[in-house]
Structure formats: structure tokens, C-alpha cells
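Some notes on the structure that comes next.
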Amino acid sequence: MYQNKLKIIIQFLLFITCLSVVLGLKESTDRIGLKPLTDEMKTSFILFEQSTRELQNAVSLLEENSSGKGKKEISITQKELSGARINAAKEALKNSRMAYKRIEFFMDYFFQSSSLIYNRPAKVEVEEPYMEYQEPSGFQVIEAMLFDADPLVHQKELADQAELLVSSAADLPALLYGFDASDNQVLESVRLELVKVITLSITGYDAPELKSGIEESYQSIFTVQKVLLPYIKKDLPGSALLNQQLGATVDYLHQHPDFDSFDRMEFLRHYALPLQEQLRNFIQSSKSELQQKSVLNYEAKNIFSPDAIPSNVFPDAANRNLKMVALGKKLFLEKALSGNLKRSCASCHHPDQYFSEQLKTSTAFDGKSSVSRNAPSLLYAGFQYSQFWDGRAKSLQEQIKTVISNPFEMNGDHQVIVAELNKSADYRRDFAAAFPEMAVNAINIKTVADALAAYLGELNPRNSAFDRYMNGDSKALKSEALKGFNLFMGKAQCGSCHFAPLFNGLIPPYYKLTEYEILGTPANADFKNAKKDKDRGRHDFFPISYYEAAFKTPTVRNVEMTAPYMHNGVFKDLYQVVDFYNKGGGAGLGLDLPGQTLSAKPLNLSEKEMREIVDFMKSLTDNL
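Okay, so the sequence shown: first residue is 38 according to our numbering, each after it adds one.
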């Protein structure tokens, strides 16, 4: 039933998309890359559909073998036959994913709604604020079932998913009917595909079990090279350097396909990031700049430049100015914001402790009890689309007003606070300067929150040893940290949730959504006798099962200085944290957590590898 409904919806979306293209776009006569692009997609669509049919055939053999209807093999046992056919299905899945990577940039950019069928994460996603559920489908769902302990129990679901891919792929050519796109759009689409390779593909984000991320990256960049060829042939400024870097990047990926041993740092510093810079220069020189999809600063040298993700795109950043920041810094220490005139923001977020606190959970307003959750660092807090561990606040301003009035935290009355601040001539002067459009009655709870948010939004130094290394200082990182980075972004799969460059839950390449995960963090640190934590996370804010024990993914920048860790402060040191992930989270420890989004399978990291990951995370410590 669900599959049939989804097929109807997809076909309707395809029809509407094509109709809008025909009715809303004028015929182009001056597109350099349009015809080569559509020709490339015509061929790639055919190859992709063929690959989905091969995947469907491979999946069908699993059912045939299991039911006993298939051809009898005399020379090998039935178990061996099942294993061979499961492996064949995995290989067919990998091949189909490769074919999809040749059209991924096109689908994600021009037909994003239609693309969701193919490569959506293997977990239920909730579309807020409408609370519509997006059931998982496509490659990642098939991968999860094929790599299950007993794939044969998923025969029907596998067959349904394969049929969905086949029928959807067959409809793809309709997308090209009347299709039009500017060169600027084409160039932005490949620019974002490069960001996706840098931040997602090489981490194994969408193929964690197949570990085909490097081979898929090759397919992506090889296709980008073909799409850019018509522009390069025009001999535009910078085209020779761009062509050279494209060739070198494609060659490197082709020569180093193994996922676990792939040197991500070498790839980034010598190939992908220079390619990103050359592509930026080429787009600028050809006057083809366009920014429709991502909040990234396209003027930045590369994704790891300090200005790659600007702070002014987040909800708290409207009309921010230096005087607001200075006022916010002053208010951060102001005890008049609390109900007893004894607490300030700095009471729980200590500037000398990297704006965090060395307590498992902070002391409550009464001075005796404790609040329910750990006080995370406020560094980079402004670089999220939701605040608090459960993401219930959509801006820093909303969070600030909530904390001030919360009876367990600051227990302040907004009206009383405003009246108290108005008694100060210094504050009246500072508010009038920070909010000149409100020179009269400039002090109110909104301007208090705006000033504090402006200050917090500027707490993003990005001057760690890692940052210095990525921006040219080759002596900034030790070999252990470099090995740790490669593990973090590869085998350990940390980078598939803590996304570069901020290593938080901002999802590339658009950086417009904040991710929530269910890790199964226990109530205690005894892995042999783990106890289930009672905190229901985002479920208390949105009471749906998919949010049970879900929490926002925080940044791992400055984690060396901000122990203890997790929403409940259960882990005292970073090695414990890495070991928790290595064991497969709470489900891997044996807790009953059917909704855990973190894989329960062990990562099989050695002690040495775990310590190297810790060394890398320590390299993310800023100089304050």
C-alpha cells in the first residue's frame, strides 16, 4: 500500500515539475552547457535504470533461493548459495549506487523532491513544522537490510524497494522534456556536488556498510569533469587550471579506492580543496555566480576557510552590529537578569571553561538541586538552527528568554529585569547606541535577547591547530592527530553525523537543517551494566515515537576543554565517548532501543585508533 502511494506521488511530482519547466521557462539560445548536460543525463538515466533492474534481479534470486524454487546447486551447500546470492545483491546495489552518483548532482539540484526516493537515510524523517513523516526508501534502506544478520527475512521489503527504484528510474527521462537551466545553475549544481564529496561521500555517509564512498566520489567528480568540459573548451579565464585540477582529483580517487585506507587529509589538501578554489575562481572570472541553494559563502577559498559558513545566515543574526555584541558581552555577566540577583549566564557557561561547566549537570536556581541536562559549550552555539539539547528553541533569542524565565535556571521576571536595567544610565546609553532605531525605550526583553544573541553568535574563533593546518600551516598538526582525522572522517564514521567544517549537526551541502540522532546514551558509564537513560529528549517537545531519546548533534570543536560529555554528562573523558560509539551506542551495549539511529554494530576500532581520534578532537581546541 505504502509503495503504491509513494509511486503515485513520485509520478505526480514528475508531472508537475515537467509542466512548470515547460510553462515557466523561456527557450534558451545561449547556454554553453545545457545541451551537453541533457545529453549526458539521457545516457546516464538509461544506465541507471538498467542498474536498478539488475539490482531487482539480484534481489529476486534471494527469494527464489530461500523458497527452494531456484536451481539446485550440487557442488556447494544451500547456505553457501545463499551467501553467494546475498553478496551478488550487495554488488548489484553497489553498482546501482555508482550509476546514481552520475546523476546525483542533477537530481539533487534541479529535482530535489523527486530525488528523495533514491538515497534517503534509512530512518524515518520528520518534516517540521508540519510533522509529516518521510518513510525511508531507496539505496540506504536496501543496504541496511542486505547487511542485516539475516537478510532473507527482509525478502518482501527488499523486493518492494527494488521495484520502487525500477519504476521511478523508468520515469526519469520525462524530467528532460522541456528542461531548461542557465549556465549559472549548472555551475552551482556541480559546485555543491563537490562540497557533498568533501563532507559526505568520503565519510561513508550514505553507504556505511558497503564502504563504497571513495569509488562513489570518483563517479561524482568524473561526472563533474564531463559537465564542466564544454565551459573549459571555451578557454575562459582559469579554465586550464581548473581542468588540470579536475584531472588530478579524478586520477587520485581512481587510484585509491579503498575506503578504510584512503588518506582523506591528503585528498582534501592536495586535490579537493584546491579544486574547490579553482572552481570558485573560474565561476567568478566567467561572471557566472549564482546562489540559490546553500548558505555557504561562495567567496570563501574553500569549505575549511574561516568564512566558509557566515554567521549572519542563522535566525539570531538579524541586524547584528558591533555595539550589540559589546552590550551582549556585558549582559552575559549581568546578575540583574536573574530572580535573586546572584546568577548570570556565566554562572553555568563559564568563559574561562570554554563557556561550559565542569559539572555533570548544572546547579539549579535553588542552589541545592540540579537541572536535568548538561550545560554545553556556547562556542559555535549560534551556528545551529535550533537550540537546547532537544532543539525546542528555533533561535538564540528564544533560548535566552526561556533560560532567563525558567524557575530552575535564572528565575527572572522579564518586566522586573527591564525595569532594573532602565535604572542604569550606562545601560540606557549602551542600548540606545546598539539599537539606534529605538533610542527611546530601547531596553526591553527583545533587545536584551538580541544583544546576548549577537554576542553568542560571535563566539566562533575557528583558530584551532586543525584550522591553522587546513589553512596552510603544515606544522600545526602532529601525525597522531592526522591519523585521527582520517579515522574520524572514515572508518569511525564520526564525520557522517558531525559534519565538516564545524563538526556539528548542520547537514551539507546546503547547511539549512540541524540533525537529531538517537544514540542510546546510557544513564551510567558502566558499559558492562549499562542502564537506560530516562530522558526522552525531543520527544518531550514533539511527542512522536521517532523523537524518543533524540538529541541535537553538537559540535566536537573544543571538546577537550568541555567535559563531561553527552546531554546527561555521563562520560568524563573523550576516550569513554569514542569507546561508546565503538561499541555501537546504547543498543550495542545491550539496551532495548529499537529507534536508535546510530548503528548498533561495533566499529572495531583498536585502542590505538581510538586514542588517535581523541588526538584529532583535541586539535579542534581554539585559542581563546
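Quick reminder that beta carbons are idealized off the backbone N, C-alpha and C, glycines included.
Query, Result
"How long is the line joining the alpha carbons of residue 293 and residue 305, rounded to whole angstroms?", "13 Å"
"Roughly how far, in whole angstroms, is the beta-carbon of residue 514 from the beta-carbon of residue 502, given that I think they are within contact range, below 8 Å?", "6 Å"
"Between which two residues does the alpha helix (DSSP H) harbouring residue 433 extend?", "433-442"
"Should residue 210 be labelled buried (16 or more other beta-carbon atoms within 10 Å of its own) or exposed?", "exposed"
"For residue 560, which of 340, 606, 597 has the nearest alpha-carbon?", "606"
"Considering residue 405, what are the terminal residues of the alpha helix (DSSP H) in which it resides?", "No alpha helix (DSSP H) holds residue 405; DSSP gives it neither H nor E."
"DSSP state of residue 98, grouped into three classes?", "helix"
"Can you find the residues in the same chain that come closer than 6 Å, C-beta to C-beta, to residue 448, ignoring five residues on each side of it along the sequence?", "376, 402"
"Give the straight-line distance between the Cα atoms of residue 440 and residue 253, rounded to the nearest whole angstrom.", "45 Å"
"What's the C-alpha gap between residue 302 and residue 295?", "15 Å"
"Below 6 Å CB to CB, which residues in the same chain sit around residue 584 once its five sequence neighbours on both sides are set aside?", "575, 576"
"Taking Cβ positions, are residue 562 and residue 613 nearer each other than 8 Å?", "yes"
"Which residues does DSSP pair with residue 142 in a beta bridge?", "Residue 142 pairs with nothing; no bridge assigned."
"What residues are listed by DSSP as bridge partners for residue 574?", "587"
"In terms of residue numbering, what span does the alpha helix (DSSP H) encompassing residue 201 cover?", "192-207"
"Residue 598 and residue 421: beta carbons closer than 8 Å?", "no"
"At which residues does the alpha helix (DSSP H) containing residue 612 begin and terminate?", "611-619"
"Rounded to the nearest angstrom, how far is the Cβ of residue 437 from that of residue 378, given a contact under 8 Å?", "Incorrect: roughly 18 Å between the Cβ atoms, too far for contact."
"Just reading off the alpha helix (DSSP H) that residue 332 is part of, what are its end residues?", "Per DSSP, residue 332 belongs to no alpha helix (DSSP H) and is neither H nor E."
"What separation, rounded to the nearest whole angstrom, lies between the Cα atoms of residue 360 and residue 470?", "7 Å"
"Go ahead and pull the three-state DSSP assignment for residue 147.", "helix"
"Which one of 578, 600, 121, 554 has the shortest CA to CA distance from residue 587?", "554"
"Just checking, does the segment 139-146 make contact with the segment 247-264 on the three C-beta pairs under 8 Å criterion?", "yes"
"Can you give me the start and stop residues for the alpha helix (DSSP H) that residue 459 sits inside?", "451-459"
"Is it buried or exposed for residue 54, if we count other Cβ within 10 angstroms and need 16 for buried?", "Annotation note: pLDDT 48 at residue 54 (below 50); position unreliable, coordinate value reported separately. When all chains shown are included, residue 54 counts as buried."
"Going by beta carbon distance, what residues of the same chain come within less than 6 Å of residue 655, once the five residues before and after it are set aside?", "597"
"Can you tell me where the alpha helix (DSSP H) holding residue 311 begins and where it ends?", "310-322"
"Answer with buried or exposed for residue 581, where buried requires no fewer than 16 other C-beta atoms within 10 angstroms of its C-beta.", "exposed"
"What do you get for residue 516, buried or exposed, if any count of 16 or more other CB atoms within 10 angstroms of its CB means buried?", "exposed"
"What whole-angstrom Cβ distance do residue 345 and residue 337 have, given they're in contact under 8 Å?", "4 Å"
"Which partner residues does residue 430 have in the DSSP bridge list?", "424"
"Pull up the DSSP beta-bridge partners for residue 533, would you.", "Partner(s): none; residue 533 has no beta bridge."
"Counting Cβ pairs closer than 8 Å, one from the segment 266-282 and one from the segment 318-337, do we hit at least three?", "yes"
"From what residue to what residue does the alpha helix (DSSP H) around residue 271 run?", "Premise fails: residue 271 is in no alpha helix (DSSP H) and is neither H nor E."
"Just checking, does the segment 92-101 make contact with the segment 122-130 on the three C-beta pairs under 8 Å criterion?", "yes"
"Do the segment 521-538 and the segment 228-238 meet, that is, are 3 or more Cβ pairs less than 8 Å apart?", "yes"
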